[in-house]
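Asks:
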Amino acid sequence: MSPLKFFGFLFFIYSAIYGQQIDVKNLNLIECIDQRPGEYIYVGRSYLAYFQREFFKQNIEFQAGDWELNGSLYKTPESANYNSDPDPYSFDSDSRSYMVPYSNPLIIYLRLNEVTIPPREDNKHYVVKSVTNFLINPRVINTTLDGCKIDDNTQKFNLNDDYLIKEYRSTVGNPYKFEIFRNRTDTNPIPETEWTNFILRKGESNKLYVKVTYLDNANPCHSFYEMTLKATDYSTQMDKTEFEFCGTPFVVNGPDNQSNYEWYFNGDLKSTQKEVKVDALGEWIVYFDNDLGCKSSVKINVIPEKERSRIEKVTATSNSITIIPFPNANIDSYSLDGITFQNSGTFFNQTADLINIWYKTKLGCVFGPIPFDIANGFNFLSPNGDGINDTWSLRNKDFYKNAKIQIFDRYGKIVANGIVNDILPWNGKHNNFILPTGTYWFIIKDDKETLKTGYIVLKTK
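The opening position of the sequence shown corresponds to residue 2 in the numbering used here, with each subsequent residue numbered one higher.
1) For the 8 Å Cβ check, are there 3 or more pairs between the segment 243-256 and the segment 301-310?
2) How is the alpha helix (DSSP H) around Asn-422 delimited, first residue to last?
3) Closer than 7 Å by C-beta to Leu-293: which residues in its own chain qualify, once you throw out the five before and the five after it? Chain order, please.
4) What does the alpha-carbon distance come out to for the pair Pro-89 and Val-116?
5) Which residues bound the alpha helix (DSSP H) around Lys-58?
6) Could you check the C-alpha separation between Ile-358 and Ala-330 for me, to the nearest Å?
7) Please look up how many angstroms separate the CB atoms of Gln-351 and Ser-321, rounded, as I've assumed it's under 8 Å.
8) If you measure between the beta carbons of Pro-190 and Ile-200, is that distance less than 7 Å?
9) Which same chain residues end up closer than 7 Å to Asp-257 when comparing Cβ atoms and leaving out the 5 residues on each side of it in sequence?
10) Would you kindly check if the distance between the Cβ of Val-141 and the Cβ of Val-213 is under 7 Å?
11) Around the C-beta of Asp-24, are 16 or more other C-beta atoms found within 10 angstroms, so that it is buried, or is it exposed?
12) Report the rounded CA-to-CA distance for Phe-443 versus Ile-375, giving the unit in angstroms.
13) For the segment 52-69 and the segment 155-170, state whether three or more C-beta atom pairs, one from each stretch, are separated by less than 8 Å.
14) Restricting to Cα atoms, I'd like to know which of Gly-429, Thr-451 and Leu-452 is closest to Leu-459.
15) Going straight from the alpha carbon of Pro-78 to that of Pro-38, what length do you get?
16) Is the beta carbon of Lys-278 closer than 7 Å to that of Tyr-262?
17) If the criterion is Cβ atoms closer than 7 Å, does the pair Tyr-215 and Pro-176 meet it?
18) Let me know if Ser-171 comes out buried or exposed under the rule of 16 or more other beta-carbons within 10 Å of its beta-carbon.
19) For Thr-467, which residues of its own chain have a beta-carbon under 7 Å away from its beta-carbon, when the five flanking residues on both sides are left out?
20) Less than 8 Å between the CB atoms is what I'm expecting for Pro-139 and His-223, so what's the real figure, rounded?
21) Are the Cβ atoms of Asn-291 and Ser-297 separated by less than 7 Å?
22) Between Tyr-48 and Asn-29, what straight-line distance do the alpha-carbon atoms span, to the nearest angstrom?
23) What residue ranges within the segment 92-165 form continuous beta strand (DSSP E) runs of no fewer than 3 residues, ordered along the chain?
24) Give me the residue from Thr-249, Gly-283 and Asn-198 with the minimum Cα distance to Tyr-265.
25) By how many angstroms is the C-alpha of Arg-183 removed from the C-alpha of Val-132?
26) By a C-beta neighbour count over all protein chains shown, 10 Å radius and 16 as the cutoff for buried, is Leu-355 buried or exposed?
27) DSSP three-state label for Gln-238, please.
28) So, is Ala-353 buried or exposed, given that buried needs 16 or more other C-beta atoms within 10 angstroms?
29) Assuming contact is defined by CB atoms lying nearer than 7 Å, are Phe-348 and Leu-337 in contact in what I supplied?
30) Return the first residue and the last residue of the alpha helix (DSSP H) that Ala-81 is part of.
31) Counting only the same chain and skipping the five closest in sequence on each side, list residues whose C-beta sits under 6 Å from that of Leu-346.
32) Less than 7 Å separating the beta-carbons of Glu-435 and Trp-393?
33) Bridge partners for Cys-33 per DSSP, in chain order?
34) Can you give, in chain order, each stretch of the beta strand (DSSP E) that sits fully within the segment 342-412 and has at least 3 residues?
35) For Val-416, which beta-bridge partners are listed by DSSP?
36) Can you pull the DSSP bridge partners for Val-277?
Next comes the structure, spelled out in structure tokens:
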């Protein structure tokens with residue numbers, strides 16, 4: 002057979018098999034996505050069910066129950082028509098999905114079979130051409146909008162100042178439409194006439210939901226994002242809002258970068274500047290026009306200076322003592338009689354075992370007397386049963402009353418712990434066993450102060 006006749010024979014066979022008219026039904030879909038997919042679209046059972054539902058919506062002459070897709074995907078109408086595909090889509094067994102290479106639009110062929118009970122050999126079928134156009138949803142993020150606190154029950158916001166709304170509206174040829182809802186399920190948006198002075202009342206949710214759609218009706222995609230309303234707390238722009246006062250006036254500054262300040266105390270105007278001189282206990286209020294276009298206020302409380310632990314310890318030599326304060330104790334001066342004060346914490350020509358300390362803070366308050374025992378005490382212990390130095394105690398033990406004592410070894414392990422009157426005199430034992438020879442340290446403290454520290458030399462050999 003000549004080559005010409007051979008190719009003519011093949012054409013005859015192809016025409017006999019494939020040349021007949023294939024009845025194709027169309028399925029047009031739009032998929033709204035947040036970003037471009039990867040190399041493949043994974044089409045599984047749920048996707049096929051979606052194809053079938055949408056097909057029946059678009060082709061009402063076909064009824065669910067009378068027709069169904071056979072569950073396969075095809076690359077050509079011929080493959081779908083004859084239910085054969087020499088080059089089928091790959092099937093991912095893990096996801097139980099067909100791996101369809103991504104394209105836009107994405108064209109897939111399906112086979113729609115007539116359903117009869119029982120099945121007949123002459124059941125009809127159709128080829129379905131599915132064309133999916135992928136469109137990108139508007140890109141959104143959740144936002145927070147600052148507003149004004151009008152009073153304890155009312156806050157005011159300008160919804161036009163939302164970050165995304167301003168950002169997109171500033172885009173040349175802004176393609177978006179915005180609708181704001183109190184709930185995501187609402188059908189009626191907040192009228193735009195209310196956006197500029199939107200009022201949030203006490204008890205209402207501070208969450209709003211913004212729907213972003215394209216102005217071009219040919220693109221039906223949309224996105225939602227959450228807008229959180231937050232009344233600006235201007236007190237955070239101040240170092241603190243509670244101050245201690247003890248007779249010495251001091252200056253407090255209001256929030257930065259505001260205008261028209263007015264400071265009030267007990268209803269009286271005290272200052273129209275950013276700062277005010279505080280000279281009395283109680284509540285002070287500063288009102289100002291804020292950077293959001295409305296009036297705000299911040300309250301400060303001025304309270305008596307609190308007594309608290311300020312002295313860490315007192316050290317002594319043979320004829321002097323030194324008062325050592327905690328960091329940030331805010332102490333201005335010290336006294337041993339409550340009358341004469343000095344800036345230095347060191348006092349010379351002091352040999353008493355028991356002293357009283359007064360101190361004056363930088364705000365002008367005087368606290369005291371605070372008793373301290375600075376006696377060195379005997380610090381040697383040899384519990385060998387000879388009746389000499391078998392126990393260790395302190396001079397003026399009764400001075401400590403219910404203070405707590407802890408004794409440590411050189412590794413920091415506590416070997417005695419409890420109330421002074423219960424622990425002392427100490428016999429050098431821990432859990433009824435004599436401890437090894439060495440140096441041990443002790444600390445005595447009450448709820449406010451560390452009263453005494455020192456060391457003990459224990460000799461057991």
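Glycine is no exception: its CB is placed at the ideal position from the N, C-alpha and C atoms.
Replies: Once the coordinates are examined:
1) yes
2) Here residue 422 corresponds to residue number 421 of the sequence shown, with the count starting at 1. Counting along the chain, the alpha helix (DSSP H) containing Asn-422 begins and ends at 421-424.
3) Locating residue 293 in the sequence shown gives position 292, where the first residue counts as 1. Excluding sequence neighbours, Leu-293 sits near Asp-147, Gly-148, Cys-149 and Thr-233.
4) On the sequence shown, residue 89 is found 88 positions in, with the first residue counted as 1. On the sequence shown, residue 116 is found 115 positions in, with the first residue counted as 1. Whole-angstrom Cα-Cα distance: 25 Å.
5) For this step, residue 58 is matched to residue 57 along the sequence shown. Its alpha helix (DSSP H) spans residues 46-59.
6) One-based indexing of the sequence shown puts residue 358 at position 357. One-based indexing of the sequence shown puts residue 330 at position 329. Spanning the two alpha carbons is a distance of roughly 15 Å.
7) Counting from 1 along the sequence shown, the entry for residue 351 is found at position 350. Counting from 1 along the sequence shown, the entry for residue 321 is found at position 320. At roughly 6 Å, the Cβ-Cβ gap stays under 8 Å, so Gln-351 and Ser-321 are in contact.
8) Indexing the sequence shown from 1 puts residue 190 at position 189. Indexing the sequence shown from 1 puts residue 200 at position 199. Not closer than 7 Å, so no.
9) Locating residue 257 in the sequence shown gives position 256, counting from the first residue. Gln-238.
10) Position 212 of the sequence shown, counted from the first residue, corresponds to residue 213. Position 140 of the sequence shown, counted from the first residue, corresponds to residue 141. It is a contact, given that the beta carbons lie within the stated cut-off.
11) Residue numbering aside, residue 24 sits at position 23 when the sequence shown is read from its first letter. The residue is exposed, with fewer than 16 neighbouring Cβ atoms inside 10 Å.
12) On the sequence shown, residue 443 is found 442 positions in, with the first residue counted as 1. On the sequence shown, residue 375 is found 374 positions in, with the first residue counted as 1. If I take the Cα positions, the gap works out to 14 Å.
13) no
14) In the sequence shown, the residue the question calls residue 459 occupies position 458. Answer by Cα proximity: Gly-429.
15) As a position in the sequence shown, residue 78 is number 77, starting the count at 1. As a position in the sequence shown, residue 38 is number 37, starting the count at 1. Between Pro-78 and Pro-38, the C-alpha separation is close to 25 Å.
16) Start at 1 with the first residue of the sequence shown, and residue 262 comes out as number 261. Start at 1 with the first residue of the sequence shown, and residue 278 comes out as number 277. Cβ distance not < 7 Å, so Tyr-262 and Lys-278 don't count as in contact.
17) Indexing the sequence shown from 1 puts residue 215 at position 214. Indexing the sequence shown from 1 puts residue 176 at position 175. Cβ atoms of Tyr-215 and Pro-176: closer than 7 Å.
18) In the sequence shown, counting from the first residue as 1, residue 171 sits at position 170. With fewer than 16 Cβ atoms within 10 Å of its Cβ, Ser-171 is classed as exposed.
19) With the chain covering 2 to 462 only, the question about residue 467 has no answer from this structure.
20) Translated into positions along the sequence shown, residue 139 becomes position 138. Translated into positions along the sequence shown, residue 223 becomes position 222. At roughly 7 Å, the Cβ-Cβ gap stays under 8 Å, so Pro-139 and His-223 are in contact.
21) In the sequence shown, counting from the first residue as 1, residue 291 sits at position 290. In the sequence shown, counting from the first residue as 1, residue 297 sits at position 296. Against a cut-off of 7 Å, the Cβ pair of Ser-297 and Asn-291 comes out as a contact.
22) The count along the sequence shown starts at 1 and reaches residue 48 at position 47. The count along the sequence shown starts at 1 and reaches residue 29 at position 28. Going by the C-alpha atoms only, they are around 14 Å apart.
23) 98-102, 107-115, 126-137, 144-152 and 155-158
24) Numbered from its first residue, the sequence shown carries residue 265 at position 264. If we check each option's Cα against that of Tyr-265, Gly-283 comes out closest.
25) For the purposes of this step, residue 132 is taken as residue 131 along the sequence shown, with counting starting at 1. For the purposes of this step, residue 183 is taken as residue 182 along the sequence shown, with counting starting at 1. Going from the Cα of Val-132 to the Cα of Arg-183 covers about 37 Å.
26) As a working mapping, residue 355 is identified with position 354 in the sequence shown. Burial call: exposed.
27) Indexing the sequence shown from 1 puts residue 238 at position 237. Helix at Gln-238.
28) Start at 1 with the first residue of the sequence shown, and residue 353 comes out as number 352. Answer is exposed; the Cβ neighbour count stays below 16.
29) The count along the sequence shown starts at 1 and reaches residue 348 at position 347. The count along the sequence shown starts at 1 and reaches residue 337 at position 336. Yes.
30) In the sequence shown, counting from the first residue as 1, residue 81 sits at position 80. Run containing Ala-81: 78-83, per the alpha helix (DSSP H) assignment.
31) Indexing the sequence shown from 1 puts residue 346 at position 345. Note that residue 346 is Gly in the sequence shown here, rather than Leu. Around Gly-346: Thr-323, Ile-324 and Tyr-335.
32) As a first step, residue 435 must be located in the sequence shown, where it is residue number 434. As a first step, residue 393 must be located in the sequence shown, where it is residue number 392. Glu is not the amino acid found at residue 435; the sequence shown has Ile there. Not in contact: Ile-435 and Trp-393 (Cβ atoms no closer than 7 Å).
33) Residue mapping note: residue 33 aligns to position 32 of the sequence shown, counting from 1. DSSP lists Leu-136 as partners of Cys-33.
34) 347-349, 355-362, 367-374 and 405-409
35) Counted from its first residue, the sequence shown places residue 416 at position 415. Per DSSP, none; premise fails for Val-416.
36) Position 276 of the sequence shown, counted from the first residue, corresponds to residue 277. Its beta-bridge partners are Val-253.
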